[in-house]
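Worksheet: one structure, shown below.
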Ligand SMILES: NC(=O)c1ccc[n+]([C@@H]2O[C@H](COP(=O)([O-])OP(=O)(O)OC[C@H]3O[C@@H](n4cnc5c(N)ncnc54)[C@H](O)[C@@H]3O)[C@@H](O)[C@H]2O)c1
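Numbering (this note's numbering), first residue to last: 14 to 416.
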């Protein structure tokens with residue numbers, strides 16, 4: 014299939030582009046490289062030495078014999094160029110990863126709140142308008158997040174895949190309706206994903222766009238068989254307080270000799286997926302477009318749920334690390350239950366890669382190989398959800414000699 018991958022230079026988009034290319038699909042990446050520019054602003058770098066996009070693409074050509082196209086384009090501001098690319102390529106599928114994706118970054122300052130809304134909402138809406146205006150019948154696969162549901166809202170009831178059936182009282186008795194699961198965002202970033210949902214619902218109903226919204230859990234791991242083929246293809250590994258995600262941060266912290274940073278009691282339960290399963294799920298979604306265009310198909314893209322403290326203890330046991338309990342910079346419940354339905358991906362053939370010592374060890378090895386690139390003063394989370402909330406001081410400012 015001809016597939017456009019929006020945000021294809023990012024942590025999920027790059028391995029997905031390589032995986033789909035390896036599977037024989039014709040891939041063109043659109044990315045404005047904004048994620049790399051944010052690293053420069055934050056004075057931090059991916060732990061792994063990711064190469065410039067042109068070098069990455071040339072390396073993939075060398076090792077696979079396959080070409081991936083690239084267009085440097087800002088989806089939020091360059092609508093006419095986007096239309097031109099869509100008309101030139103006439104993709105059969107579009108995978109949309111291209112948003113500012115860090116909750117802590119979105120809460121960092123007034124500027125980053127405004128940037129996150131402007132970038133994410135406009136990018137998604139430009140894409141929807143462009144698909145509708147050009148009449149290109151591509152199926153759209155969007156990366157949403159489990160965070161749109163919020164945490165703890167429905168107690169121990171499993172979170173359904175996007176929709177809830179509710180009873181509406183009327184003077185003539187109750188009627189049953191299917192509604193989008195109530196949006197319960199926990200940050201400005203998550204709020205943009207709930208706004209995306211409304212836009213998808215409208216454009217599916219009004220314009221018949223074929224849309225799949227993937228409510229993804231926290232992605233962990235770094236490499237896929239494709240990114241591991243050559244060091245120049247290596248995937249991004251964020252470890253800093255804004256962009257690093259919890260399990261990868263624990264692996265990195267264990268590898269460099271930093272205590273594992275648990276926020277609050279660590280009683281938060283979250284859903285996870287390994288990067289190898291992310292790329293498989295995207296291919297499944299791309300090759301199985303929804304049949305009913307009037308209703309957005311929503312799939313929960315997760316394989317397992319864990320309590321943050323249990324993960325920290327597991328990593329500490331396997332790798333020998335201490336745990337530090339730090340003030341929580343987020344406004345969230347100390348503890349929550351979380352059970353998530355993922356029946357649709359399982360029915361479509363996903364075989365989950367679940368957490369195992371082997372995979373933790375592999376993650377630690379990647380982190381250990383590049384430990385010397387880590388800046389320990391970037392590890393503690395400093396973006397707070399409300400001005401005045403407490404944060405911790407750096408736990409170490411110099412890496413231990415053995416790291
Ligand atoms: N990483 C996770 O754990 C996770 C979990 C759930 C959902 N997601 C979602 O998956 C998607 C990809 O996440 P990621 O971790 O790969 O993020 P990332 O920041 O590494 O990648 C996003 C890419 O999109 C590009 N981009 C952003 N705005 C753009 C614009 N206006 N025009 C063109 N390109 C633009 C960036 O330069 C970057 O390369 C995001 O939408 C995110 O919300 C990620």
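Don't be surprised by glycine CBs; every beta carbon is placed ideally from N, CA and C.
Here the structure is a predicted model, which is why all the values come from computation and not from measurement.
How big is the Cα-Cα spacing for residue i and residue j?
i, j, result
"residue 302", "residue 32", "18 Å"
"residue 215", "residue 147", "17 Å"
"residue 73", "residue 193", "40 Å"
"residue 199", "residue 24", "22 Å"
"residue 114", "residue 183", "41 Å"
"residue 196", "residue 153", "21 Å"
"residue 106", "residue 409", "46 Å"
"residue 352", "residue 172", "6 Å"
"residue 71", "residue 350", "46 Å"
"residue 232", "residue 145", "31 Å"
"residue 405", "residue 398", "14 Å"
"residue 300", "residue 403", "47 Å"
"residue 387", "residue 179", "49 Å"
"residue 206", "residue 176", "15 Å"
"residue 328", "residue 393", "18 Å"
"residue 396", "residue 360", "39 Å"
"residue 365", "residue 88", "32 Å"
"residue 308", "residue 213", "9 Å"
"residue 62", "residue 373", "20 Å"
"residue 75", "residue 124", "41 Å"
"residue 140", "residue 95", "8 Å"
"residue 335", "residue 280", "17 Å"
"residue 55", "residue 390", "12 Å"
"residue 103", "residue 40", "12 Å"
"residue 343", "residue 239", "36 Å"
"residue 14", "residue 97", "19 Å"
"residue 65", "residue 188", "56 Å"
"residue 201", "residue 121", "10 Å"
"residue 21", "residue 30", "6 Å"
For ligand 2, I want to know if residue i counts as a neighbour, meaning its beta carbon is within less than 7 Å of at least one of the ligand's heavy atoms.
i, result
"residue 313", "Looking at this structure, you won't find ligand 2 anywhere; what it does contain is ligand 1."
In this structure, how does DSSP classify residue i when only helix, strand and coil are distinguished?
i, result
"residue 169", "coil"
"residue 389", "helix"
"residue 71", "helix"
"residue 112", "coil"
"residue 239", "coil"
"residue 162", "helix"
"residue 58", "coil"
"residue 39", "strand"
"residue 278", "coil"
"residue 244", "helix"
"residue 414", "coil"
"residue 48", "helix"
"residue 32", "helix"
"residue 397", "coil"
"residue 17", "strand"
"residue 286", "strand"
"residue 273", "strand"
"residue 348", "strand"
"residue 260", "helix"
"residue 177", "strand"
Pull the bridge partners of residue i from the DSSP assignment, please.
i, result
"residue 370", "None; residue 370 has no bridge partner."
"residue 157", "228"
"residue 383", "Beta-bridge pairing links residue 383 to no other residue."
"residue 292", "The partner list for residue 292 (beta bridge, DSSP) is empty, contrary to what the question assumes."
"residue 233", "287"
Closer than 7 Å: is that where the CB of residue i sits relative to any heavy atom of ligand 1?
i, result
"residue 367", "no"
"residue 210", "no"
"residue 105", "no"
"residue 26", "yes"
"residue 83", "no"
"residue 232", "yes"
"residue 190", "no"
"residue 352", "no"
"residue 158", "yes"
"residue 341", "no"
"residue 249", "yes"
"residue 197", "no"
"residue 113", "yes"
"residue 89", "yes"
"residue 149", "no"
"residue 101", "no"
"residue 136", "yes"
"residue 110", "yes"
"residue 258", "yes"
"residue 52", "no"
Check your understanding: Which parts of the segment 74–151 are runs of the beta strand (DSSP E), unbroken and 3 residues or longer, counting only runs that do not cross its ends?
Key -> 82–84 and 106–109
Practice item. Jot down the residue ranges of each uninterrupted alpha helix (DSSP H) in the segment 297–345, minimum 4 residues, whole runs only, in chain order. Key: 321–332
Check your understanding: Taking the runs of the alpha helix (DSSP H) that are 4 residues or longer, which of them lie wholly in the segment 181–228?
Key -> 201–220
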